[in-house]
Amino acid sequence: MLDKALGDLTGFRVLDLGCGSGEYVAELLARGAEVTAIDVSEPMVELVQQRFGARDDLHCYGQDISLGLPQERDDHYDLVLSSLMVHYIADQHALFAECARGLKPGARLLFSTHSPVADAELSPSGNYYAREAICDTWHTVGEPVEVVFYRRSLSEQIGALTDNGFVITALEEGTATERLRQRNAEVYKRLTTQPNFLFVMARSRS
Ligand SMILES: C[S@@+](CC[C@H](N)C(=O)[O-])C[C@H]1O[C@@H](n2cnc3c(N)ncnc32)[C@H](O)[C@@H]1O
């Protein structure tokens, strides 16, 4: 859904929260946006800086977003995008308040996160409505890395948006492209038959 919703971004100021290695930075720049990309991981920030080089339409820097967006101005962005990052932030209400502050009136917030339905299976207490920190292990390059993310109910997430003046304009649970079906039929089947992710599009207060 994130790709589908982006469209032409010529002249748009876009903030990418938790940019990682810059998969969406590439997409945003190709669509003509002026991009600010933030990540808590300095290796990721360096990777993005090396990958795209010095250019006028990209500013990438390190920041722990759980501490807010202190370097960002009010009413500045046409779009805030965040792919698979918001579940690492304990206080989602404060996160969306910062997004609302940085967005121009009526501008869009687009994010993806874990499915609350799928994450409910990981609940230590069995209480779907409790917000719980879950420890996960990433097996990527090098040593396995322990990461903590927060599982929470759908109503808590929607409330954090609407309390901050956002109007939800679209919500999807499972999307997978035809390209993915051709590349990996097993993953395509899992994504199209089981809840894995949540995709949300919202507009800031006009
Ligand atoms: C699953 S990756 C997604 C990367 C990228 N958005 C993508 O979709 O390819 C999550 C990213 O969020 C970043 N992240 C996690 N917690 C963060 C925080 N508190 N502040 C800023 N970035 C954070 C991680 O460093 C990581 O790069």
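Under UniProt numbering, the letters of the sequence shown match residues 1 to 206, in that order. Backbone N, C-alpha and C fix where the C-beta goes; we use that ideal spot for every residue, glycine too.
For residue 114, which residues in the same chain have their Cβ closer than 6 Å to its Cβ, ignoring the five residues on either side in sequence? As a position in the sequence shown, residue 114 is number 114, starting the count at 1. Closer than 6 Å at the Cβ level, and outside the excluded window around residue 114, lie 87.
Check: residue 80 C-beta below 7 Å from any heavy atom of ligand 1: As a position in the sequence shown, residue 80 is number 80, starting the count at 1. Not one heavy atom of ligand 1 sits closer than 7 Å to the Cβ of residue 80.
Closest to residue 202 by CA distance: which of 27, 58, 103 is it? Position 202 of the sequence shown, counting from 1, holds the residue named residue 202. The shortest Cα separation from residue 202 among 27, 58, 103 belongs to 103.
Sorry if obvious, but does the Cβ on residue 84 come closer than 7 Å to a heavy atom of ligand 1? Reading the sequence shown from its first residue, position 84 is the one you call residue 84. Yes, Cβ of residue 84 sits closer than 7 Å to a heavy atom of ligand 1.
Would you grab the beta carbon distance between residue 174 and residue 196 for me? Rounded to a whole angstrom, and I think it's under 8 Å. For the purposes of this step, residue 174 is taken as residue 174 along the sequence shown, with counting starting at 1. For the purposes of this step, residue 196 is taken as residue 196 along the sequence shown, with counting starting at 1. For residue 174 against residue 196, the beta-carbon gap comes to about 6 Å, under 8 Å, which counts as contact.
Is the stretch 5–18 in contact with the stretch 72–85, if contact means three or more CB pairs nearer than 8 Å? With the cut-off at 8 Å, the stretch 5–18 and the stretch 72–85 touch.
Does the beta carbon of residue 68 fall short of 7 Å from some heavy atom of ligand 1? As a first step, residue 68 is located in the sequence shown; it is residue number 68 there, counting from the start. Outside the cutoff, so no.
Can you round the beta-carbon distance between residue 68 and residue 45 to whole angstroms, since I take them to be within the 8 Å contact cut? Walking along the sequence shown from the start, residue 68 turns up at place 68. Walking along the sequence shown from the start, residue 45 turns up at place 45. Taking a contact as a CB-CB distance under 8 Å, the pair residue 68 and residue 45 does not count as one, their CB atoms being some 18 Å apart.
DSSP three-state call for residue 99: helix, strand or coil? Locating residue 99 in the sequence shown gives position 99, counting from the first residue. If DSSP states are grouped into helix, strand and coil, residue 99 belongs with the helices.
Mapping the DSSP letters down to three states, classify residue 121 as helix, strand or coil. As a working note, residue 121 is residue 121 in the sequence shown. Of the three classes helix, strand and coil, the one that applies to residue 121 here is coil, per DSSP.
Can you tell which of 85, 7, 25 has its C-alpha closest to the C-alpha of residue 57? Walking along the sequence shown from the start, residue 57 turns up at place 57. Comparing Cα-Cα distances from residue 57 to each of 85, 7, 25, the minimum goes to 25.
Answer yes or no: do residue 191 and residue 110 have a C-beta to C-beta separation smaller than 8 Å? Numbered from its first residue, the sequence shown carries residue 191 at position 191. Numbered from its first residue, the sequence shown carries residue 110 at position 110. Residue 191 is not a Cβ neighbour of residue 110, given a cutoff of 8 Å.
Across which residues does DSSP place residue 82 in a beta bridge pair? Counted from its first residue, the sequence shown places residue 82 at position 82. Within the DSSP bridge table, the entry for residue 82 names 111 as partners.
Among 112, 136, 35, 153, whose alpha-carbon lies nearest the alpha-carbon of residue 127? On the sequence shown, residue 127 is found 127 positions in, with the first residue counted as 1. Minimum Cα-Cα distance from residue 127 among the listed residues 112, 136, 35, 153 corresponds to 153.
Distance CB(residue 119)-CB(residue 101) smaller than 8 Å: As a first step, residue 119 must be located in the sequence shown, where it is residue number 119. As a first step, residue 101 must be located in the sequence shown, where it is residue number 101. No, the Cβ-Cβ distance between residue 119 and residue 101 is not below 8 Å.
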